[in-house]
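Residues in the sequence shown are numbered from 10 upward in steps of one, following the working numbering. Ideal placement from N, C-alpha and C gives every residue a C-beta, glycine not left out. Below you'll find the structure, written out as structure tokens, and then a few comments.
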Amino acid sequence: MVRKTGWLSLTAGVFALVLGIVAFAWPSATLKVVGFLFGLNLLIVGVIRILQFVFTPEAPVAGRVLGVIFGVLVGLLGILCLRNLAGSVTLLLVIVALGWLLEGLAEIFTSVGDGGAGGGARIALGLVAVLGAVAVLVWPGLGLATFVFIGATTLCFVGIAGIFAGVAGLRARPA
10 MVRKTGWLSL TAGVFALVLG IVAFAWPSAT LKVVGFLFGL NLLIVGVIRI
60 LQFVFTPEAP VAGRVLGVIF GVLVGLLGIL CLRNLAGSVT LLLVIVALGW
110 LLEGLAEIFT SVGDGGAGGG ARIALGLVAV LGAVAVLVWP GLGLATFVFI
160 GATTLCFVGI AGIFAGVAGL RARPA
């Protein structure tokens, strides 16, 4: 991770952590509120992912292209969540889980072999997002309460890992 993108990772981490805490604070929230919060998270994370790779010219081209593609896909999944707030819970669960899966895989693939500061935290961030996505995809019938719990837990851990990765990026010495 380059020092320039440390602020972006830190911002995304704080945002995800705040959303996770909000989801825990109001577990009886309506589907529209939950859909909006998680859709907004995916949209913002997707945009931040795109910006990270657009403004990191020293990263390998293949990694930048992959990062931008995953960022666009995550952002599009966020838009789908925002457009269909009252839709089926199962559809919402699958869309959010796919967004987490893509974001987690993007974080893992772009961190492996990078050698930059915070690589371990970024891989952990990706693993948490992937594990949260798999849990939601494997057990979608457990209901909205379970989704909110798993989603809020995933957002909190992803947020914490993002904060660590962002701080590590900010502490990195410029090349």
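Asked	Found
To test your reading of the DSSP string, which unbroken alpha helix (DSSP H) runs of 4 or more residues are found completely within the region 113-184?	128-147, 153-180
Express the C-alpha separation of Leu179 and Met10 in angstroms, rounding to a whole number.	Residue confidence for Met10 is low, a pLDDT of 45 falling below 50, so the modelled location carries little weight; the figure read from the coordinates is stated next. Roughly 9 Å between the two C-alpha positions.
Does the region 17-25 touch the region 57-77, meaning 3 or more C-beta pairs lie closer than 8 Å?	yes
Excluding five sequence neighbours on each side, which residues of the same chain lie with their C-beta closer than 6 Å to the C-beta of Ala106?	Ala142, Val145, Leu146
Just confirm the distance between the C-beta atoms of Gly44 and Val83, as a whole number of angstroms; I'd bet it's less than 8 Å.	Not really, about 16 Å apart at Cβ, beyond 8 Å.
Which term fits Ala174, buried or exposed, when burial requires 16 or more other beta carbons within 10 angstroms of its beta carbon?	buried
In chain order, what residues of the same chain have a beta carbon less than 7 Å from the beta carbon of Phe47, not counting five sequence neighbours either side?	Cys90, Val105, Gly160
For Leu111 and Trp35, what's the separation of their Cα atoms in angstroms?	27 Å
Roughly how far, in whole angstroms, is the beta-carbon of Val23 from the beta-carbon of Ile172, given that I think they are within contact range, below 8 Å?	6 Å
My output table needs one value for Phe33: the three-state DSSP class, helix, strand or coil.	helix
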